[in-house]
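Asks: Before we start, here is the structure in question, set down as C-alpha cells.
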Amino acid sequence: AQTVTQSQPEMSVQEAETVTLSCTYDTSESDYYLFWYKQPPSRQMILVIRQEAYKQQNATENRFSVNFQKAAKSFSLKISDSQLGDAAMYFCAYRTDNNDMRFGAGTRLTVKP
Amino acid sequence: DTGVSQDPRHKITKRGQNVTFRCDPISEHNRLYWYRQTLGQGPEFLTYFQNEAQLEKSRLLSDRFSAERPKGSFSTLEIQRTEQGDSAMYLCASSLWREATDTQYFGPGTRLTVL
Numbered sequence: 001a002q003t004v005t006q007s008q009p010e011m012s013v014q015e016a017e018t019v020t021l022s023c024t025y026d027t028s029e030s031d032y033y034l035f036w037y038k039q040p041p042s043r044q045m046i047l048v049i050r051q052e053a054y055k056q057q058n059a060t061e062n063r064f065s066v067n068f069q070k071a072a073k074s075f076s077l078k079i080s081d082s083q084l085g086d087a088a089m090y091f092c093a094y095r096t097d098n099n100d101m102r103f104g105a106g107t108r109l110t111v112k113p
Numbered sequence: 114d115t116g117v118s119q120d121p122r123h124k125i126t127k128r129g130q131n132v133t134f135r136c137d138p139i140s141e142h143n144r145l146y147w148y149r150q151t152l153g154q155g156p157e158f159l160t161y162f163q164n165e166a167q168l169e170k171s172r173l174l175s176d177r178f179s180a181e182r183p184k185g186s187f188s189t190l191e192i193q194r195t196e197q198g199d200s201a202m203y204l205c206a207s208s209l210w211r212e213a214t215d216t217q218y219f220g221p222g223t224r225l226t227v228l
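Same order as they appear, the protein sequences are chains A and B. Position 68 (the first sequence) corresponds to 68 in the numbering used here; numbering is contiguous. To convert a position in the second sequence, counted from 1, into the numbering used here, add 113.
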C-alpha cells in the first residue's frame, strides 16, 4: 500500500528566508504523480505544485520548488523568500493507480515577521 | 466563482440522524472525489466518480455512507444513522481526467459535528 510520511509536524521560518518541508513515500509503482497542497487556516486546500515521476526535472512554481529523489522516494518542498501568506498546513500527496490521493499528516508552517 | 462549491459549510446533528452533503464541481470536470479529514490529519479518500459512475470506494466508506452523482454533475454524500466518530470535515474535489493527467481542485468542505 502506498503511504506518505511527513516527519515534521511543525516548521517555522523567518519572513524572506527559505524553508524546506520534507516528504517521503512508499510505493512499488514506477509511474505516479506527487503533489504539495497548502491549506490555510479555515480555508480550502490549494494546489501548490505537482511532479510527474517520469520527469527527472524538478518542478518549479515561482517561489516554490521541489527536490524529487525518485530512488530515495523523497519529495521535499522548498519555499524561497517566505511571505506571511505562506503560513498554512502543507500536505504532501501521492496519487495512486486507482486515482485516489494519499495524503501525509501535514506540516504546519509558521512564518515569523 | 467557478471553483468547487460545497453545501452546507457546517452541519450539527444528533447521533442517529441522517445527513446529506452536496458538492458542485468545476463545470467541465468529469471526475469528482470525496474525502474525510479529521483534525490534525490529512484528508482520507472515500470514493470517486467519473461522470455518473462510481469507480472506487475506500473501505472507510461503511454501509452507512452512500454517494451519488446521478447526472454526472453535482454529487451528494449521505451518512445514515450518524455516529460521533463521523464528526469530521468532508471535502469534495474535482478534476478533468485527460490522458492520465489529473490535478484535483478542492472545495471548502462541510464540517460535520455529531453530538
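Note that beta-carbon positions come from the ideal geometry of N, C-alpha and C, so glycine has one too. Fair warning: this is a prediction, and the values are worked out from it, not measured in the lab.
Please look up how many angstroms separate the CB atoms of GLY129/B and ARG194/B, rounded, as I've assumed it's under 8 Å.
Replies: Against the second sequence, residue 129/B aligns to sequence position 16. Against the second sequence, residue 194/B aligns to sequence position 81. With a Cβ gap of about 6 Å, GLY129/B and ARG194/B count as contacting.
Asks: Kindly say whether ALA105/A, judged by its beta-carbon, lies nearer than 7 Å to any beta-carbon of chain B.
Replies: Position 105 of the first sequence, counted from the start, is the residue given in the question as residue 105/A. Answer yes: the Cβ-Cβ gap between ALA105/A and chain B drops below 7 Å somewhere.
Asks: According to DSSP, is ASP86/A helix, strand or coil?
Replies: For the purposes of this step, residue 86/A is taken as residue 86 along the first sequence, with counting starting at 1. Of the three classes helix, strand and coil, the one that applies to ASP86/A here is helix, per DSSP.
Asks: My guess is that VAL19/A and LEU109/A are in contact by the Cβ rule of under 8 Å, so how many angstroms apart are they, rounded?
Replies: Indexing the first sequence from 1 puts residue 19/A at position 19. Indexing the first sequence from 1 puts residue 109/A at position 109. VAL19/A to LEU109/A, Cβ: 7 Å. Contact.
Asks: Quick one: list the residues of chain B neighbouring ASN99/A, beta-carbon separation under 9 Å, in chain order.
Replies: Within the first sequence, residue 99/A is the residue found at index 99, counting from 1. Near ASN99/A (Cβ distances below 9 Å), the residues of chain B are ARG144, TYR146, TYR161, GLN163, LEU168, GLU169, SER208, TRP210, ASP215.
Asks: What residue range is occupied by the uninterrupted beta strand (DSSP E) comprising CYS136/B?
Replies: What you label residue 136/B is simply residue 23 of the second sequence in a count that begins at 1. 132–137 is the extent of the beta strand (DSSP E) around CYS136/B.
Asks: Using a Cβ-Cβ distance cut-off of 7 Å, determine whether PRO121/B contacts chain A.
Replies: For the purposes of this step, residue 121/B is taken as residue 8 along the second sequence, with counting starting at 1. No, PRO121/B does not count as interfacial toward chain A.
Asks: Among GLY185/B, LYS184/B, LYS124/B, VAL117/B, which has the Cα closest to the Cα of MET202/B?
Replies: Here residue 202/B corresponds to residue number 89 of the second sequence, with the count starting at 1. MET202/B has its Cα closest to that of LYS124/B, out of GLY185/B, LYS184/B, LYS124/B, VAL117/B.
Asks: Interface residues of chain A around GLY155/B at Cβ under 7 Å?
Replies: What you label residue 155/B is simply residue 42 of the second sequence in a count that begins at 1. Correct list: PHE91, PHE103, GLY104, ALA105, GLY106.
Asks: Which chain A residues are close to GLY220/B, counting only those with a beta carbon under 8 Å from its beta carbon?
Replies: For this step, residue 220/B is matched to residue 107 along the second sequence. In chain order: GLN44.
Asks: So if DSSP puts PHE35/A in a beta bridge, which residue, or which two residues, is it bridged to?
Replies: As a first step, residue 35/A is located in the first sequence; it is residue number 35 there, counting from the start. BP columns for PHE35/A point to ARG50/A, ALA93/A.
Asks: Check GLN14/A in the structure and name its three-state DSSP category.
Replies: To locate residue 14/A, count along the first sequence from 1; it is residue 14. The answer is strand: DSSP assigns GLN14/A an E or B state.
Asks: Under the three-state reduction of DSSP, which class applies to ASP26/A: helix, strand or coil?
Replies: Along the first sequence, read from residue 1 onward, the residue named residue 26/A stands at position 26. The answer is strand: DSSP assigns ASP26/A an E or B state.
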